[in-house]
Amino acid sequence: MRVALASDHGGIHIRKEIANLLDELKIEYVDFGCDCETSVDYPDYALPVAEKVASGEFDRGILICGTGIGMSIAANKVKGIRCALCHDTFSAKATRSHNDSNILAMGERVVGPGLARDIAAVWLTGEFEGGRHANRVGKITEYEDKHL
């Protein structure tokens with residue numbers, strides 16, 4: 001698995017925790033920044049990561065900003081992306097097993113480093129169940145194919 005990782009200024013501390021987790025899990029990743037605490041625009045980080053995941057260059061992505069909301073909105077504008085904003089492990093597990101999410105978004109101002117690691121670990125190790133869920137995800141893909 002290859003993971004694209006990025007944050008804006010509001011998520012740099014949690015991003016470093018997630019990078020450490022990826023190292024511990026021996027998951028290959030590329031960190032796309034940012035490396036400053038001065039204000040930057042989250043689409044400048046979310047969109048390139050989403051494009052790289054949608055193209056297949058990376059299997060999954062993880063995006064962090066202050067709330068995770070801006071990153072998830074921006075990433076979901078890219079065709080083929082199913083970015084899920086998660087602030088608990090139940091949602092992280094469900095979005096992998098039911099929605100086949102390919103990008104995880106989190107908010108540093110919402111979750112602490114320990115919970116962020118737990119959420120990411122559950123999400124990274126989760127598998128898509130397929131079955132009835134595949135039909136639902138397929139409907140999203142069909143819509144994208146017609147309208148995006």
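In UniProt numbering, the protein residues as written are 1 to 148.
Every residue gets a Cβ at the ideal spot worked out from N, C-alpha and C, and that includes glycine.
Note that the structure is predicted; figures quoted are calculated from it, not measured.
Exposure of residue i, with buried meaning 16 or more beta-carbon neighbours within 10 Å
i, result
"E37", "exposed"
"H9", "buried"
"R15", "buried"
"T125", "exposed"
"S7", "buried"
"Y42", "buried"
Residue i to residue j span [Cα, whole Å]
i, j, result
"A46", "R136", "25 angstroms"
"I18", "F32", "13 angstroms"
"T141", "N99", "12 angstroms"
"I62", "V122", "13 angstroms"
"L148", "A54", "13 angstroms"
Cβ shell of residue i (< 7 angstroms), same chain only, five flanking positions each side left out
i, result
"D118", "T89"
Rounded Cβ spacing between residue i and residue j (contact assumed at less than 8 angstroms)
i, j, result
"I81", "A50", "5 angstroms"
"A4", "F58", "4 angstroms"
Pair within 7 angstroms by beta-carbon distance, residue i and residue j
i, j, result
"S101", "A84", "yes"
"E28", "R60", "no"
"G68", "M106", "yes"
"V110", "H87", "yes"
"A75", "I103", "yes"
Beta-carbon proximity list for residue i, same chain, < 6 angstroms, skipping 5 on both sides
i, result
"G11", "I64, C65 and E108"
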